[in-house]
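Structure record follows, encoded as structure tokens.
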Amino acid sequence: MARLDNSRSGLLSLLFLSFFVVAFVPARAAVKTYQFDVQVKNVSRLCHAKPIVTVNGMYPGPTIYAREGDRVIINVTNHAQYNMSIHWHGLKQFRNGWADGPAYITQCPIKTGTSYSYDFNITGQRGTLWWHAHIFWLRATVYGAIVIMPQNGTSFPFPQPHMEANTILGEWWNTDVEELVKEGDKLGLPPKMSDAHTINGKPGPLFPCSEKHTYVLEVEQGKTYLLRIINAALNDELFFAIAGHTMTVVEIDAVYTKPFTTQALLIGPGQTTNVLVRADQLPGRYFMAARPFIDVPIPIDNKTVTAILQYKGIPNTVMPVLPQLPAPNDTEFALNYLAKLKSLNTPQFPALVPLKVDRRLFFTIGLGRNPCPTCQNGTKLAASLNNVTFVMPKVGLLQSHYFNIKGVFQTDFPDRPPTPFNYTGAPLTANLKTSSGTRLTKIAYNSTVEIILQDTNLLTVESHPFHLHGYNFFVVGTGLGNFNSSKDSANFNLVDPPERNTVGVPTGGWTAIRFRADNPGVWFLHCHLELHTSWGLKTALVVEDGKGADQSILPPPKDLPPC
């Protein structure tokens, strides 16, 4: 097993923390530069070898280390056969959508043999975020962590850990993911599900040929560790637990939370969760494990991925103990866990929840079927918001907005569904055709916005993790069934709701989010299930410029990829 490698990575984490504590006496913000070479590398998992797209030949890719207030410049050179763009998930990119990364939203892709430098400042954020490819399904292998340390002289609002470890949950396919997606599109059906989940790119010993493909975290008795957990899976919400050990949740999506202890956690695609784990058990080997949460009868990769928490000095011959994960359909655990997430809301880290709302939006989430004469059943599956299936443009939306290029998009996305109905009643299986278009919502600068995201039973109810680029938002309410404005709004948490960039809309339920639109630009809003995004479950918000000198979009960089 990769014990030596993981001990070394632990030592590097410790040295890294020491470096920041000792070397970074109060000084000006630093400039951190990285070179990302996108290249194809042969990788073997589950007895199958295949070429995968990587950054710098690493799977997962390199970790970006920075400090709050730093400027970061990442030059991406594309040596692979695919067009590429990279999204820095959760970074707000204030006035600087050019560095956000989603292909055809804020930039055209980086073509083979060319480069683009993502140049951004990290302002008012600290904690765990992540980066990933934002074109096709390439994020299956092109992803990594972003670790933002607090400003100099600022400590964590929780006990300083002895060491930190990134724990990135992902998915593995034995065959070429892009080819599987193309085949699915031709048939009008979902592509084949993944063959395994992974922790730091490794499926663990419950899978064949995986003895050496197991992540091991070595710990010392009595010491506390900070796990930075990232769900980089494409299509699955995941339960995560460590045998014999409790976890104290202290941060989600790079926002500090009121600490609470739990036996297991739930993390949706795109989300991050930081937990403290104390090595307070009998020295041994303990499995860390993850498997999907799914509370509707649809096919998924439901196998369990494992890594090992191993006490120092314990031989590899000791059999690890498996944790008790919640049942795959344990909706009650999921809802109870999510209800415990609350912003820290202290004078140093306040929860600035908008109390007055200027703009109310109500978006229904639906699946559908559109005609497709060449597809297997004469139809293809689609997804929509307010019955609009989003059509990707051929020119970046941000360029179109900034340079006032006509004919690329319309700002007539409906504020409400065109026809109200009993959204979560009996399954609706007829008249499932959706409309389509590149339709966006225009938002006034500095206005306060409330969006109700309502799941529907068009084909089937299902949980949907929604991500908004360019912003954090407050999750002021969530519930099952149809949202009732008069009843449900009265129960909103406007004091210390969780603040995040990606939120799960519960199966057959709704979620309410609020934010202040103080970041001008074009910002993608989409389901972070890659399958649904590719079917059109997405839109974008055009946040207008303000009147002040620092309230408008910055000019584009000179090396912005051409369309």
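Mind the numbering: the sequence shown is residues -29 to -1, 1 to 534 in mature numbering (1 follows the signal peptide of the UniProt record, and there is no 0), read in order.
Every residue, glycine too, gets a C-beta built ideally from N, C-alpha and C.
First through last residue of the alpha helix (DSSP H) which encompasses residue i
{"i": "residue 372", "result": "368 to 373"}
{"i": "residue 4", "result": "From DSSP, residue 4 is part of no alpha helix (DSSP H) but of the beta strand (DSSP E) over 2 to 16."}
{"i": "residue 310", "result": "302 to 310"}
{"i": "residue 155", "result": "148 to 158"}
{"i": "residue 459", "result": "456 to 459"}
Nearest-angstrom Cα separation, counted from residue j out to residue i
{"i": "residue -12", "j": "residue 337", "result": "Because residue -12 carries a pLDDT of 44, less than 50, the predicted location of this residue cannot be relied on, and the following value inherits that uncertainty. In a straight line, the C-alpha of residue -12 is about 49 Å away from that of residue 337."}
{"i": "residue 541", "j": "residue 339", "result": "Outside the shown range of the chain (-29 to 534) lies residue 541, about which nothing can therefore be said."}
{"i": "residue 409", "j": "residue 47", "result": "28 Å"}
{"i": "residue 530", "j": "residue 40", "result": "24 Å"}
{"i": "residue 45", "j": "residue 522", "result": "25 Å"}
{"i": "residue 254", "j": "residue 290", "result": "12 Å"}
{"i": "residue 256", "j": "residue 287", "result": "8 Å"}
{"i": "residue 234", "j": "residue 191", "result": "20 Å"}
{"i": "residue 62", "j": "residue 71", "result": "8 Å"}
{"i": "residue 172", "j": "residue 383", "result": "42 Å"}
{"i": "residue -8", "j": "residue 194", "result": "Its pLDDT being 37, under 50, residue -8 is placed unreliably by the model, and nothing is read from it."}
{"i": "residue 344", "j": "residue 163", "result": "22 Å"}
{"i": "residue 80", "j": "residue 534", "result": "8 Å"}
{"i": "residue 532", "j": "residue 258", "result": "45 Å"}
{"i": "residue 85", "j": "residue 295", "result": "48 Å"}
{"i": "residue 83", "j": "residue 168", "result": "29 Å"}
{"i": "residue 229", "j": "residue 468", "result": "10 Å"}
{"i": "residue 317", "j": "residue 227", "result": "10 Å"}
{"i": "residue 300", "j": "residue 397", "result": "20 Å"}
{"i": "residue 439", "j": "residue 250", "result": "36 Å"}
{"i": "residue 225", "j": "residue 358", "result": "33 Å"}
{"i": "residue 457", "j": "residue 483", "result": "13 Å"}
{"i": "residue 528", "j": "residue 112", "result": "28 Å"}
{"i": "residue -4", "j": "residue 37", "result": "Because the pLDDT at residue -4 is just 45, under 50, the model does not fix this residue reliably, and the point stays unresolved."}
{"i": "residue 126", "j": "residue 328", "result": "34 Å"}
{"i": "residue 431", "j": "residue 508", "result": "15 Å"}
{"i": "residue 8", "j": "residue 385", "result": "41 Å"}
{"i": "residue 174", "j": "residue 278", "result": "8 Å"}
{"i": "residue 605", "j": "residue 298", "result": "Summary: the structure shown does not reach residue 605, with the chain confined to residues -29 through 534, and so no result is reported for it."}
Closest residue to residue i among the options (Cα-Cα distance)
{"i": "residue 13", "options": "21, 7, 372", "result": "21"}
{"i": "residue 15", "options": "478, 395, 145", "result": "145"}
{"i": "residue 513", "options": "416, 247, 17, 456", "result": "416"}
{"i": "residue 29", "options": "65, 214, 116", "result": "116"}
{"i": "residue 105", "options": "437, 378, 501, 385", "result": "501"}
{"i": "residue 204", "options": "232, 242, 11, 180", "result": "242"}
{"i": "residue 109", "options": "57, 237, 269, 91", "result": "57"}
{"i": "residue 362", "options": "345, 182, 350, 381", "result": "381"}
{"i": "residue 43", "options": "328, 357, 164, 119", "result": "119"}
{"i": "residue 373", "options": "23, 139, 525", "result": "525"}
{"i": "residue 322", "options": "210, 175, 466", "result": "466"}
{"i": "residue 462", "options": "508, 385, 64, 446", "result": "446"}
{"i": "residue 364", "options": "442, 316, 457, 76", "result": "76"}
{"i": "residue 503", "options": "399, 354, 239, 448", "result": "354"}
{"i": "residue 65", "options": "489, 527, 506, 428", "result": "489"}
{"i": "residue 140", "options": "152, 170, 133", "result": "170"}
{"i": "residue 166", "options": "274, 122, 217, 7", "result": "274"}
{"i": "residue 189", "options": "283, 406, 137", "result": "283"}
{"i": "residue 511", "options": "280, 174, 411", "result": "411"}
{"i": "residue 180", "options": "293, 19, 436", "result": "19"}
Run of the beta strand (DSSP E) containing residue i, from where it starts to where it stops
{"i": "residue 233", "result": "226 to 233"}
{"i": "residue 19", "result": "19 to 26"}
{"i": "residue 90", "result": "86 to 92"}
{"i": "residue 135", "result": "134 to 143"}
{"i": "residue 181", "result": "First-last for residue 181: undefined, no H or E at that position."}
{"i": "residue 103", "result": "98 to 104"}
{"i": "residue 177", "result": "Taken as a continuous stretch (DSSP letters only), residue 177 belongs to no beta strand (DSSP E), as it is neither H nor E."}
{"i": "residue 247", "result": "243 to 249"}
{"i": "residue 413", "result": "412 to 414"}
{"i": "residue 342", "result": "330 to 342"}
{"i": "residue 320", "result": "Unbroken run through residue 320: none, as it is neither H nor E."}
{"i": "residue 256", "result": "256 to 263"}
{"i": "residue 95", "result": "Careful: residue 95 lies outside any beta strand (DSSP E) and carries neither H nor E."}
{"i": "residue 34", "result": "No beta strand (DSSP E) contains residue 34, which DSSP labels as neither H nor E."}
{"i": "residue 465", "result": "Element bounds for residue 465: n/a, residue is neither H nor E."}
{"i": "residue 42", "result": "42 to 49"}
Practice problem: Check whether the stretch 153 to 162 touches the stretch 214 to 224, taking contact to mean three or more Cβ pairs, one atom from each stretch, closer than 8 Å. | Solution: A contact between stretches requires three or more CB pairs, one per stretch, nearer than 8 Å, and the stretch 153 to 162 fails this requirement with the stretch 214 to 224.
Exercise. Would you check if the stretch 356 to 376 and the stretch 492 to 506 touch, i.e. whether three or more CB-CB distances between them fall below 8 Å?
Key: Touching, per the Cβ criterion.
Self-check item: Contact between the stretch 507 to 522 and the stretch 90 to 103 (3+ Cβ pairs under 8 Å)
Solution: Cβ pair count under 8 Å is below three, so no.
Quiz prompt | the stretch 387 to 395 in contact with the stretch 452 to 467 per 3-pair CB rule at 8 Å | solution = Short answer: they touch.
Quiz prompt | Residue ranges of each beta strand (DSSP E) within the stretch 416 to 450, 3 or longer | solution = 419 to 426, 435 to 439, all fully within the stretch 416 to 450.
Quiz prompt | Three CB pairs or more closer than 8 Å across the stretch 256 to 267 and the stretch 208 to 215 | solution = The stretch 208 to 215 and the stretch 256 to 267 touch, with three or more beta-carbon pairs separated by less than 8 Å.
Quiz item: What are the start and end residues of each continuous alpha helix (DSSP H) run of 4 or more residues lying completely inside the stretch 490 to 518, in chain order?
Solution: List check, alpha helix (DSSP H) in window: 501 to 505.
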